[in-house]
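**Q**
In the working numbering, the protein residues as written are 11 to 179.
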């Protein structure tokens, strides 16, 4: 594949998943500036390794895996510095009610209090729609570990949000 063909194919695949990877970066990073940096580094790294992608159907998973690795690398570099909560400007643009925006804000706040592995598993599985098997591949762990992270994450998230077991069922 020529450089131009590679570039065109990469852009074509990216255009189909750009909203998904942006949402993931925003959820993980907790603020727009860090999310932009994370996305930029993810795309640069993904483009560099694009020739190693054997199945184009796995492109989104490929991006999530790269983004996850870069996120943890950058997070370690920042020496556990705390980031600002996710900006909610886009929610106001969508004309959502104040109650819904408050609920979403609470969800973001509570998600950010979870251990990183649980938070990432919940975002990938429950928000982005990946199967447990796909999450396991992205996180480089077994499916059982993902199942455990999801269960523990949901339980902890429910506690943080003040939802008891009866309301969850």
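Every residue gets a Cβ at the ideal spot worked out from N, C-alpha and C, and that includes glycine. It should be emphasised that the depicted structure is a prediction, and the values quoted were computed from it without experimental measurement.
(1) Figure out for me which residue from 33, 56, 39 has the closest Cα to the Cα of residue 23.
(2) What residues in its chain sit with their C-beta under 8 Å from that of residue 78, if we drop five residues either side in the sequence?
(3) Within 10 angstroms of the Cβ of residue 128, are there 16 or more other Cβ atoms? Answer buried if so, exposed if not.
(4) Count Cβ pairs between the region 113-127 and the region 152-168 that sit closer than 8 Å; are there 3 or more?
(5) Looking at the unbroken alpha helix (DSSP H) that takes in residue 131, where does it start and where does it end?
(6) What does the alpha-carbon distance come out to for the pair residue 36 and residue 140?
(7) Take residue 75 as the anchor and find which of 52, 61, 66 has the nearest alpha-carbon.
(8) My output table needs one value for residue 107: the three-state DSSP class, helix, strand or coil.
(9) Could you pull out every residue in the same chain whose Cβ sits closer than 7 Å to the Cβ of residue 73, ignoring the five residues on either side in sequence?
(10) Can the beta-carbon of residue 121 be found less than 8 Å from the beta-carbon of residue 167?
(11) For residue 132 versus residue 160, is the C-beta spacing smaller than 8 Å?
(12) Which two residues bound the contiguous alpha helix (DSSP H) that contains residue 158?
(13) Taking the continuous alpha helix (DSSP H) assigned at residue 137, which residues delimit it?
(14) Could you tell me which of 34, 18, 151 sits nearest to residue 118, measuring between CA atoms?
**A** The structure says:
(1) 56
(2) 38, 130, 148, 149
(3) buried
(4) yes
(5) 126-132
(6) 17 Å
(7) 52
(8) coil
(9) 27, 31, 52, 56
(10) yes
(11) yes
(12) 153-171
(13) Neither: residue 137 is in no alpha helix (DSSP H) and is coded neither H nor E.
(14) 34
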